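The letter at position 187 of the sequence shown is residue 831 when you use our numbering, and the numbering goes up by one with no holes. Glycine is no exception: its CB is placed at the ideal position from the N, C-alpha and C atoms. These figures come from a predicted structure and were not determined experimentally.
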Amino acid sequence: MLPDSRVKKTVAPRVPTLKKPSVLAEMRMGAVEPEGSYDTIRIEGQHAADAISDWTLTTFLDCSLENLTFETVLFDHAAITSTRFAGCGMVHSSFVNASICSSTFEHCRFGACDAWDCETRSVIFTGCRFGYLNLRGAKWHDVVFQDCVIDDFDAAHAVLGRIAFPGTTIHAINLQHAVADDVDLRGAELQEIHDVAGLRGTTMLVDQISQLAQSFAASLGIRLEEPEG
């Protein structure tokens, strides 16, 4: 075993501190258009009139989106910076090839969230619920999932750096062929792991590994049997 001075310590995420703009212009969510640019606006307490809200290629800077509900919302190729999402519900959301930076999501509910090839940096999710979180091929750095519930965390082929999950329950996690660095799983409650080899670069507690012995064995093709007699 290496001396303690040579053991690499897990680096915590660098998370944002949002400064709320002093004045936010009120806006109707129906006024948001694809490729639109929005700066210091608030959209609050509204339900999408259409089954699909197409916000593709939009730009949000210093905005606040509060208590909004969507059937399907498309943020594909969007640029979201210093923006707060709070109390939003999205049955299906797509952030494919989007860029999310220095933003927060508070008590939001996501059914299926497609964020493959999405680039994210310095983002906090607090008290959020995800049915299926698809991060395949995404690049996520400096992200915290605080007190969240994630049914299916699929980050196959993703690049993940400085990610933490304090107080978060993950029912199933897939990091197959992912590149992970300082991905801290110590605060998470994990129930099922697909492809143990994908955990390289993560940090876990010994107790977590013991509790997941059956999942580890299944992934490695090990047969577990009770002692005879």
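Please list, in chain order, all residues of the same chain as residue i whose beta carbon is under 7 Å from its beta carbon, the five residues on each side excluded.
i      : result
Met645 : Note on Met645: pLDDT 42, under 50, position unreliable in the model; the coordinate value appears next. Counting only Cβ-Cβ distances below 7 Å, and skipping sequence neighbours, we find nothing.
Leu868 : Gln858 and Ala861
Gln855 : none
Ser649 : Bear in mind that the predicted position of Ser649 carries a pLDDT of just 46, short of 50, making it too unreliable to give a figure here.
Met594 : Residue 594 lies beyond the stretch modelled for the chain, which goes from 645 to 873, so this question has no answer here.
Which of helix, strand or coil does DSSP assign to residue i?
i      : result
Val767 : strand
Gly845 : coil
Pro647 : For Pro647, the pLDDT reaches just 46, beneath the cut-off of 50, and the residue's location in the model is therefore unreliable, although a value from the coordinates is still provided. Note: Pro647 maps to coil in three-state DSSP.
Ser666 : coil
Phe860 : helix
Ile853 : helix
Val840 : helix
Met673 : helix
By Cβ distance, which residues of its chain are closer than 6 Å to residue i, with the 5 residues on each side in sequence left out?
i      : result
Glu870 : none
Ala730 : Glu710 and Glu750
Going by beta-carbon coordinates alone, are residue i and residue j separated by less than 8 Å?
i      : j      : result
Ser859 : Glu833 : no
Thr684 : Leu668 : yes
Cys732 : Cys745 : no
Thr813 : Val793 : yes
Arg773 : Asp798 : no
Ile687 : Thr716 : no
Phe739 : Ala759 : yes
Lys756 : Ala742 : Reading off the sequence, residue 756 comes out as Ala, not Lys. No, Cβ-Cβ distance for Ala756 and Ala742 is not below 8 Å.
Val803 : Val823 : yes
Gly811 : Asp791 : yes
Phe769 : Phe749 : yes
Return the Cβ separation of residue i and residue j in integer angstroms, given the expectation that the two are a contact with Cβ distance under 8 Å.
i      : j      : result
Pro657 : Ile807 : 6 Å
His838 : Gln852 : In fact, because the Cβ distance is near 16 Å, the residues do not count as touching under 8 Å.
Asp706 : Thr727 : 7 Å
So, at 8 Å on beta carbons, what are the nonlocal neighbours of residue i in its own chain, with the 5 sequence-adjacent residues on each side left out?
i      : result
Asp795 : Phe774, Gly775, Tyr776, His815 and Ala816
Ala693 : Gly674
- Say whether the segment 662-678 touches the segment 691-707, bearing in mind that this needs 3 or more beta-carbon pairs closer than 8 Å, one atom from each stretch. yes
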